[in-house]
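Protein chains: 4
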Amino acid sequence: MTMDQKWTKRYEAFAEHQAARGIDLQSVKKSILAHHIETPSWGYADSGTRFGTFSQAGAARTAQQKLADAAMVHRLTGVCPSVALHIPWDKVDDYAALSQYAASLGVTLGAINPNLFQETEYKMGSLCNPSEKVRAKALEHCYECVEIMQKTHSKNLSLWLADGTDYPGQDNIRERKHRLEECLGAIYDRIPNGSRMLVEYKMFEPSFYTTDIPDWGVSYSLCKKLGEKAEVLIDLGHHAQGTNIEFIVAYLLDEGKLGGFHFNNRKYADDDLTVGCINPYEVFLIYRELVDGWTDPRLNPDVAFMLDQSHIMKPKIEAMLQSVIFLQETYAKALLVHAGRLKEAQLAGDTIAAEEELKAGYDADVKPLLAMIRIENGIDPEPIAAFRKSGYMEKIIKERSK
Amino acid sequence: MTMDQKWTKRYEAFAEHQAARGIDLQSVKKSILAHHIETPSWGYADSGTRFGTFSQAGAARTAQQKLADAAMVHRLTGVCPSVALHIPWDKVDDYAALSQYAASLGVTLGAINPNLFQETEYKMGSLCNPSEKVRAKALEHCYECVEIMQKTHSKNLSLWLADGTDYPGQDNIRERKHRLEECLGAIYDRIPNGSRMLVEYKMFEPSFYTTDIPDWGVSYSLCKKLGEKAEVLIDLGHHAQGTNIEFIVAYLLDEGKLGGFHFNNRKYADDDLTVGCINPYEVFLIYRELVDGWTDPRLNPDVAFMLDQSHIMKPKIEAMLQSVIFLQETYAKALLVHAGRLKEAQLAGDTIAAEEELKAGYDADVKPLLAMIRIENGIDPEPIAAFRKSGYMEKIIKERSK
Amino acid sequence: MTMDQKWTKRYEAFAEHQAARGIDLQSVKKSILAHHIETPSWGYADSGTRFGTFSQAGAARTAQQKLADAAMVHRLTGVCPSVALHIPWDKVDDYAALSQYAASLGVTLGAINPNLFQETEYKMGSLCNPSEKVRAKALEHCYECVEIMQKTHSKNLSLWLADGTDYPGQDNIRERKHRLEECLGAIYDRIPNGSRMLVEYKMFEPSFYTTDIPDWGVSYSLCKKLGEKAEVLIDLGHHAQGTNIEFIVAYLLDEGKLGGFHFNNRKYADDDLTVGCINPYEVFLIYRELVDGWTDPRLNPDVAFMLDQSHIMKPKIEAMLQSVIFLQETYAKALLVHAGRLKEAQLAGDTIAAEEELKAGYDADVKPLLAMIRIENGIDPEPIAAFRKSGYMEKIIKERSK
Amino acid sequence: MTMDQKWTKRYEAFAEHQAARGIDLQSVKKSILAHHIETPSWGYADSGTRFGTFSQAGAARTAQQKLADAAMVHRLTGVCPSVALHIPWDKVDDYAALSQYAASLGVTLGAINPNLFQETEYKMGSLCNPSEKVRAKALEHCYECVEIMQKTHSKNLSLWLADGTDYPGQDNIRERKHRLEECLGAIYDRIPNGSRMLVEYKMFEPSFYTTDIPDWGVSYSLCKKLGEKAEVLIDLGHHAQGTNIEFIVAYLLDEGKLGGFHFNNRKYADDDLTVGCINPYEVFLIYRELVDGWTDPRLNPDVAFMLDQSHIMKPKIEAMLQSVIFLQETYAKALLVHAGRLKEAQLAGDTIAAEEELKAGYDADVKPLLAMIRIENGIDPEPIAAFRKSGYMEKIIKERSK
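Chains A, B, C and D are the protein sequences, given in the same order.
Heads up: the first sequence at position 60 corresponds to 60 in our numbering, and the numbers run straight through without jumps.
Heads up: the second sequence at position 257 corresponds to 1257 in our numbering, and the numbers run straight through without jumps.
Heads up: the third sequence at position 259 corresponds to 2259 in our numbering, and the numbers run straight through without jumps.
Heads up: the fourth sequence at position 113 corresponds to 3113 in our numbering, and the numbers run straight through without jumps.
Given below as C-alpha cells:
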C-alpha cells in the first residue's frame, strides 16, 4: 500500500463519519485551501533569549535566504504564499528586485514590520520618547516603511512598539499617550487606501513598568481614533495570564477592528514557542470564534494570519512547517463543529451538549483530511517528512556555511 | 503633654521639612479635606467566601443599621458623607424616609448598586441571558434602581454584571455582546441628566470561562457608544495579575471616561481585602496619576471614590476606618510629590531623580499631617482609638443581638 | 447499521492505524479498564460561588442519594467503583449500614474528607489556630474521620486545610507551622497501616494573604517528616498561573510521594470546572508523566484518581460522566504514545520528532477505542446518551422534589 | 544650618517618637550597621533585554573596573564590603592578585557564580543535559569555580541553572532530575567545610516549558539530600505571580535551609528592576520575617544578602546606591515594629491592631535614622547626592572611553 493509498483509506473512514454528522467536507476543504498563513522572514534567522543566542547551521542571514526558506515552506504546504519583512533586518537597496526574486520563488512580500526598539536612541521610547528629535527619527523610519510597502505591494504595516517605562516616575503616562496619538496619526495619514496599519499590543517586555500599548483596549482606542485603515493585531503571547483571547477575537471581529494575528504559544510570558505547543485547544477556540464571526455578513473576513515565533530548540524550517500544519488542522477542527447543533444546544441551555458538539470538532483526527487535501493538490501529504527527504537542509547548511 | 500637643509637635517637624521641600501644606490640607470617600452599606454587614460566612456580633442587618454605622465612620473621619446602597439588600418601602433618616445621621445616600446575580434566573446571565424574559426581568430591576436614584438623589448608578459563561460553547460570545449593548442602551436612556452610569469590569468570578465585561477595554468601548453619562468604574481587585492599574487610571482620565473607583486590595484574585494591605505603593501611584491628571484643565475632576471590601477577618467599622485613613494618607503622600522637580527629572531622562522625588512623597510619614487636619476640624486625631473608646461597638452588639 | 456496528467499524480503522504504529492495543485496553476514578459525594449535591448557590432539580441531599447517583455513574462507565465522603456533610449514625447500602448499589466508600473550614471557630484557622482549644476541636474531628475510615474500610484520609491568614501581621507564620506539624503528627499516628494520609495544598482561598499549605513544596516537606503513610495530593486548580503541573507530578512520583489527584480544570483560580474543559492537553501531559513513571519498577503505582469539581452550569450526573469519559480518553491517548520512538527522538535531540510522537497520541481520536472497550464489557458505548435515555434523571427529580 | 544639623534635627524628632513607642534605637542602629549587602560585579556592566543591549558611558568592562565601582558603593554606604563574581565574565589569571586588588580598594570577593547557560553546548541543558559529555563540561566548570572560591576565600558558591526544556516531549523530566541530583552531589562533595552551595530556583526563562529547578520546593528537596552545606537561594523575581515570598522566607528559615537572597524587583516576570521599586511593602514583610526568625535561637542567622539586578534605565552605580539604601531603610522599618505589641495583638485575634503595629514600622520615615547612622560613622548622610558631587562618574567615563 503506498502512502497515498494509506491516507486515502484513512480519509474514507473519516469522510464517512463526518458525512454521518452532517458536515459538508467539500466546503471544509475549500475553506482550508483558501486559508493562507504568512511566515515571517525573521523566523528563518538565528534568535535567542537575553541569556544567549544559539546559532543553527544553515540559518538564513540575508533577505534572499529567508525568502528561499519561506518559499520552501510554501512549496511543501501550499498555503504560505507571502513573507513578512522586518526593516532594517531585511533592508535592501532595490525592493522591486527583491519582489521579483520572491516572485521567482513563488512567493510575495507581505507585511512590513518597522523596528523601533534596537537603536540606542530608543532606550526611553520611540514614538513616545520625550525627545522630539527621537520621535522624528522614529517617524522617519515608519515613513520609510510605508514607502517600502508601496514598492513591495505589501498591504499591511505591522506596528509593534516596545515603548514604555521601567520605573514609576520615569516619564509622564498621559504625555506619552499624547505623543503616541500624534505620531500614529502622522503615519496613518500616509497609509495608502486599500492598505492597513495593524496596531499590536503587548503587556510587557522589554518595558517592565508601563508599556504604552499594553492591551487590546489601548490598540482598539487608538485604531478607533485613527480611522478605518487601522486595525488591531493580536499576538497570542502578549496577554496577562488567564486572559480569554478568544473573547477578544470575537469582540474585535464584531467591532470590525480585528486586523490579524501573530501566532505563537507561551506558557509563561512572551515565550514565542511554536503555536499550539502548550494549549492547542485555545487556538481551536480562537478559530471557532472566527468561523462563527465569518457567518455574519456584516463582518470583514480580511484577517491577516501571520506566524511570529522564535525557534531556538527547533530547526527553523521544520518549526515553521509544524506550525502551519497545526494551524490548518486546527482550522479544520473548527470547521467540523456543526453550527446548527451548537446553536440549538446553546438556546436550550444544554451546556453539556454544546460542549460535546465543540469537542466533536476538536477531538476529530483531521490528519487524513489534511493529507487528502494535499494529495488532491499535488503536495506531499506529509510535509515534514517530505522536507527531511528533500535534501534542502543539507544543501543550505553547505551553501551558507561558506 | 496631651495627645493634641504630641501631634502638634510632630506636625511642626513635618511642616518644617515640607516647607524646605517647597510644598504648600495649606493647599495639601484643603485637597485632603475635599477628598470624600463613599462607604458601602454592605461593608457593614456579614460576608464570607464560598466556604462559609462568619457572623460578627453587632454586624448591621437593616438599611438603617448600615446607615448608622456609616454615619459613625463619617463622624470619626469627617470625609465619608455618603453611603452606597445595594438593591434589593437595602430595599425599603419609603426611600424619602430613608434619605431623611440618613440626613438625621449626617450622611446622604450615594451610588445605587443593582443586583443582577443572586436570583436563580440569572444562572446563565442577566442582561446577556439568551432568554428575552430573563433580560426583561433584569432590565426591570435596573429601571427600578434608576427610579430609586431619583428618590434618593443619588448621582451614580453603579453597574456590575456577573454575566458570563463557565464553559466553551455554552453561549455565543457575540450574541451576548449584542444583547448587552441593547440592554445597556435601554438603561442609559433613563439615566437623568446630571447623573451617571458607572460600568464596572471584572476579569472573572463568578463566571469562569468568559465574562461579558472582563476588562477596561470593554467597559470603555461600551461607554463610548452609550454617551457622556456613561463612565468606567475601576475596582482594584478585578484585574489580571501584573496589570498596571495606574496606567489604566491615567488613560481613562485622559479619555474623559474615568468614572470612579471601588477600592480594596488583593494578592491573588478578587480577594476584597482592605485597601492598601498588600501593595500600598500601588495605591499611591494611582493617586499620583489622579493628582497629575487634575492639573489638566481639560479633564473632569469628578471621580467617585468608593470602598468595596469584604471584612471577614476584621471588625467591619474598624476596617472601614482603617481604609479611609489609608486613602487619606496615600492621597496626602501623592500631594507631597513636587510636580516641578518630577517633571524636570523626567525631561532630563534622570530616572533616579524622578523616582527619588516620587519616593520623597511616598516615604513621608504623613500621620502628623492627618492628625493636624483632624484636630483643626474638631475631630479626634486617632479615629480607630477614638472608636474603641466610644462604646459604640458595645452598644450595637447589645442592641442588635436582640 | 446498529450503533455497535457503527462503533465496531470505526474501531477497526482505528486499530489498523495503531497496529501500523506499533501499538499493542490489548495492553492499552487492559490499562484503561484497570484505571478507576473515584467520584466525590459532594459533586452530586448543590454548589455555588460566594455570589449565590443555584439549586438543581434532583440534586442529591442525603448520603444515600449521593451514593445512588455515584452508582449510576459507575453503572454507565464501569470504572467508578468508589465514592469519596465528606464529613460532616455525609455524616450518618451507622457507617457499616452505609457501606452495606453502597455495596448493594455496586460501589464502595472511598476517601474520607474532613471539614476544617465551615465552623465559626475556624475563622482564624483549624490545626494552625492560635487557640489550643480550637486546635483540639479540629484534631477531634480528624480523629473521628480516621475512625470512620476504619468503619468504611476507606484507604485514604484526604486532608485539605483552609488555614491561613488574610492580613500581614495577623498571625506568626512560623508558629502556625509548628502548630501544623504537631497536629499532623498526632493525626498521622492514628492512620492505620495500609492506609494513607493525603496532604493537599492550595495557593489561596479562602485565605488571601498566607495559606499554611500553599504549594507542593510544603506538602512534600510535611509528608517527608510524617513518614511513609503520608503522601501529597494534587488538585489541578490549586496552583499559581503558569505552574507546570506535569513537572510536579513527575517529581513527586520520582520521590515516591505522589498520593493522588483531585481532578478539575480552571482558567483563572480554583474555578472547579469539569476536568479538561480549558486545557485538555495539560491533562494529557500529566497522564504521559504517569505512564512514563509507571515503567520504573521503583515507583509506586498506587495513585488515587479522584474528581473534585463544582457543577454549577452542568447537570451533576452528566458532568461526572463527561469528566470520567474525558479522563479515560486522555489516559488512552497517553498510552498511544510510542515510548521507544519518543525516547529515541529525545536522545537524538530531535525536538520536532519527539513532539510529533507525543502529538500522535494526543491527536488520535480514541472514541472508537473507548466505545469498543465498553461494548466488550457490556456497557453502552455512549454513556451520556445512555443516561439521557435511562429515565434516571426524571425519576430522581420526581422522587427528590417531595 | 548645615546638612548634618538639618538631619540631626529631624533625627531628634524621630528618636523622641520612637522612644515613646518603646523602641531601643541603639539596638536598631547596631543591627543596621551589621547588615551587609553584597553587590554583584555584573551589575556594574552593560546589560539589556533580548531586544537589545544599551551601552552606558563609563560602564565597567573588566573585573578590576567592576571592583572599583563596587568599592565606591561601599565607600558611600559603609555596608557593601564584598563583591560577587561571575565566571567566566570575571575570569582572571591570578585570583590572589585580584583579591589583593580588592583589598586595596577596601572590599573582598564574595559569592562565586558559575555560568552554565551561554555556551552553545548548553542549549539542551548543562547539568541535566542528556549528553554525558556536556554534563562533564558543566561539572568541570563548577569544579573550577569551587577552586576559585578557595583562592578568593569566598564562602558561597551561588548556583543558578538555566536548564529546562521548551517543548513537551523534548526530554524526560525524571531522567533530567536523576542527572541533576548526580551532578549536584559531585559538586557538593568538593565544597569546603565552612562554605556553602546556594541553590537558586526560577520559575521560567530562558526555558519556557519545564525548568529543572523551578521553585523553592525543588531547591529545598535537593538541598535536603545534599546536606548541611547546601541551602536555598531566593531571587525575588523568580516566582509565579501572587506567590507569597515572605512565607517561603519564614518556612525556609524555620527549616534551617535559607541560604540567601538575590534582591531585585519585578512587576511581571524576572524583570530585574531595582529592589523595592514596584512593591516596597513586600520587601518590608520579608525583612519582618527575618527579624522574627532571628529571635529564635535555633535558627541560623547566616543569610547572604546580595543584589542581582539589571540596570538598563538607571546609571549603574546610582542604581546600586539606591538599592542598598532602600534595603537599609526597609530593614530599619522592620526593626521598628514592636514585637511585643504585635505578638499580643496576634494572640488576642486583633487583626487591626496587629496590622497597625506592622504599619507603625513601615510608615515611619527612617531617612533621619539612616542619615544619623551614616553621620555617626563618618559617611555622607546622602550617598546618591555625595556620589553626584564626587566626580567619580565623570572620571570613569573619561578613563573607560579610551
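We put the CB at the ideal spot given by N, CA and C, even for glycine.
**OP:** Let me know the secondary structure DSSP gives A/D235 once reduced to three states.
**Re:** strand
Original post:
Does the distance from the C-beta atom of D/G3260 to that of D/A3304 stay below 8 angstroms?
Top reply: yes
**OP:** Please specify which runs of the alpha helix (DSSP H), each continuous and at least 4 residues long, are wholly inside the stretch 3167-3253 of chain D, giving them in chain order.
**Re:** 3173-3188 and 3216-3226
Original post:
Which residue comes first and which comes last in the alpha helix (DSSP H) that contains C/I2325?
Top reply: K2316 to L2335
**OP:** Would you tell me roughly how many angstroms separate the C-alpha atoms of B/N1300 and D/T3008, rounded to the nearest one?
**Re:** 44 angstroms
Subject >> Backbone CA spacing between D/M3203 and D/A3015 [nearest angstrom] >> reply: 43 angstroms
Subject >> Start and end residues, alpha helix (DSSP H) containing A/L25 >> reply: L25 to L33
**OP:** For A/P368, name the three-state secondary structure that DSSP assigns.
**Re:** helix
Subject >> contact_flag[the stretch 3027-3041 of chain D, the stretch 3322-3340 of chain D] where n(CB pairs < 8 angstroms) is 3 or more >> reply: yes
Original post:
Is there contact here, the stretch 3341-3358 of chain D with the stretch 2155-2173 of chain C, by at least three beta-carbon pairs under 8 angstroms?
Top reply: yes
Original post:
Taking the alpha carbon of D/L3307 as the point to measure from, which residue in D/M3001, D/A3097, D/N3113 and D/A3102 has its own alpha carbon closest?
Top reply: D/N3113
Subject >> Local conformation of B/E1255 per DSSP, three classes >> reply: coil
Subject >> Where C/G2106 sits in the DSSP three-state scheme >> reply: coil
Original post:
So B/E1205 packs on B/D1271, CB below 8 angstroms; how close in whole Å?
Top reply: Their Cβ separation, rounded to whole angstroms, is 11 angstroms, which puts B/E1205 and B/D1271 out of contact at 8 angstroms.
Original post:
Which residues in the same chain as C/F2208 place their Cβ atom closer than 6 angstroms to its Cβ, once the five residues preceding and following it in sequence are excluded?
Top reply: D2166
Original post:
With burial defined as no fewer than 16 other Cβ atoms inside 10 Å of the residue's Cβ, what is the status of C/S2082: buried or exposed?
Top reply: buried
**OP:** Give the straight-line distance between the Cα atoms of D/L3273 and D/V3073, rounded to the nearest whole angstrom.
**Re:** 18 angstroms
Subject >> Limits of the beta strand (DSSP E) - the one that A/S47 falls within >> reply: S47 to T49
Subject >> Closest Cα partner of C/L2098 within the set C/Y2122, C/L2076, C/K2066 and C/N2115 >> reply: C/K2066
**OP:** State whether the stretch 3229-3238 of chain D contacts the stretch 1209-1219 of chain B, with contact taken as three or more CB pairs (one from each stretch) at a distance under 8 angstroms.
**Re:** no
Original post:
Buried or exposed: D/H3153, going by 16 or more other Cβ atoms within 10 Å of its Cβ?
Top reply: exposed
Subject >> Distance, D/L3369 Cα to D/Y3011 Cα >> reply: 6 angstroms
Original post:
Contact between the stretch 2188-2195 of chain C and the stretch 3369-3379 of chain D: three or more CB pairs below 8 angstroms?
Top reply: no
**OP:** For D/S3104, return the contacting residues in chain A, with the cut-off set at a CB-CB distance below 7 angstroms.
**Re:** The premise fails here: D/S3104 is roughly 33 angstroms from chain A at the closest Cβ pair, so nothing lies under 7 angstroms.
**OP:** For the alpha helix (DSSP H) holding B/M1003, just list the boundary residues, first then last.
**Re:** M1003 to A1020
**OP:** Find out if the Cβ-Cβ distance for the pair C/I2384, C/E2318 is shorter than 8 angstroms.
**Re:** yes
**OP:** Since I believe A/R50 is in contact with D/D3050 (beta carbons under 8 angstroms), could you give me their beta-carbon distance rounded to a whole number of angstroms?
**Re:** One detail in the question is off: residue 3050 of chain D reads as Arg in this sequence, not Asp. Going by Cβ atoms, the distance from D/R3050 to A/R50 rounds to 5 angstroms, so yes, they are a contact pair.
Original post:
Which residue's Cα is closest to the Cα of D/A3136: D/E3121, D/E3147 and D/M3149?
Top reply: D/E3121
**OP:** Name, please, each residue of chain G whose Cβ falls closer than 7 angstroms to the Cβ of D/I3312.
**Re:** The structure shown contains no chain G; its protein chains are A, B, C and D.
Original post:
Of all the CB atoms in chain C, is at least one closer than 8 angstroms to the CB of B/P1206?
Top reply: yes
**OP:** Please check if any C-beta of chain B sits within less than 8 angstroms of the C-beta of D/N3265.
**Re:** no
**OP:** Check the Cβ of B/P1315 against every Cβ in chain D and list those closer than 8 angstroms, keeping chain order.
**Re:** I3352
Original post:
Do A/V291 and A/A332 have their CB atoms nearer than 8 angstroms?
Top reply: no
Original post:
Can the beta-carbon of C/E2038 be found closer than 8 angstroms to that of C/A2111?
Top reply: yes
**OP:** Under 9 angstroms between beta-carbons, which chain D residues line up against A/G48? List them in chain order, please.
**Re:** R3050 and P3206
**OP:** Give the range of the beta strand (DSSP E) segment to which A/F387 is assigned.
**Re:** That residue, A/F387, is in no beta strand (DSSP E); its alpha helix (DSSP H) goes P383 to S390.
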